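Numbering (the numbering used here), first residue to last: 230 to 470. Take a look at the structure below.
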């Protein structure tokens, strides 16, 4: 099972990024992330996307979050399991739209409580970080995939099977926990990188913290006209191996 998930994530990220892509730095007009380094620059110690974006703030995170968000050892893959008290969209009339988006592993139309959840985290491509999430509803497993890259000092999340949706996130530490809020989005259509107007998109608000015995994550998507349209929240444990 884990090997299959790992292969799925690696195959998906190759659709959007070259496997040997260099350090993220800028987005070309065709949407490909590139980075130009000085020819005689002294190599820096490798760091995770969160360490690069947060800088000194990274040390303000709870120790358990620092371990989860730091760069793993060579060849390590992260595995997490847990249960979400809620997961999905409460708006039934949006479910036909979300059923289409589910094919791209962006969101899903179901809504449930006490939903078993797994996450597999794979470093790469380049110095990015990719993840595959599985939500286990009765009779069906739904997936959400993404790849994180640092671009111009900010965190960008490339979401979906083909990484066709790009979201810029503002990241900060709040009371030892991680807070991320989206402030811009683009849709990749072939060679085009098209800005998504806020009225047609969804604002993402994510918080993650350590509760004493597990990780707690809450994700909410909202639209200026429709209000809250998608969410998941719950606890999970995680390890690198």
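Heads up, the beta-carbon is just placed ideally off N, CA and C, and yes, glycines get one too. Remember, predicted model here, so these are calculated numbers, not experimental data.
Item: Buried versus exposed, by CB contacts within 10 Å (16 or more), residue 322; Value: exposed
Item: Segment limits, alpha helix (DSSP H) that includes residue 280; Value: 278-283
Item: Residues of its chain near residue 338, where Cβ-Cβ distance is below 7 Å and the 5 sequence neighbours each way are ignored; Value: 318, 324, 327, 328 and 331
Item: Residue 418 burial status per 10 Å Cβ neighbour count (16 or more: buried); Value: exposed
Item: Close-in-space but distant-in-sequence residues of the same chain around residue 443 (CB under 8 Å, 5 per side omitted); Value: 311, 464, 465 and 466
Item: Close Cβ partners of residue 423 (< 7 Å) along its chain, the five nearest in sequence each way excluded; Value: 415 and 416
Item: Distance, residue 379 Cα to residue 353 Cα; Value: 12 Å
Item: Pairwise C-alpha distance: residue 364 and residue 315; Value: 11 Å
Item: Sequence ranges, alpha helix (DSSP H) only - wholly within the region 309-383, length at least 4; Value: 324-331
Item: Cβ pair residue 399, residue 381 closer than 8 Å; Value: no
Item: Continuous beta strand (DSSP E) assignments of at least 3 residues falling wholly in the region 377-421; Value: 383-388, 394-403 and 406-418
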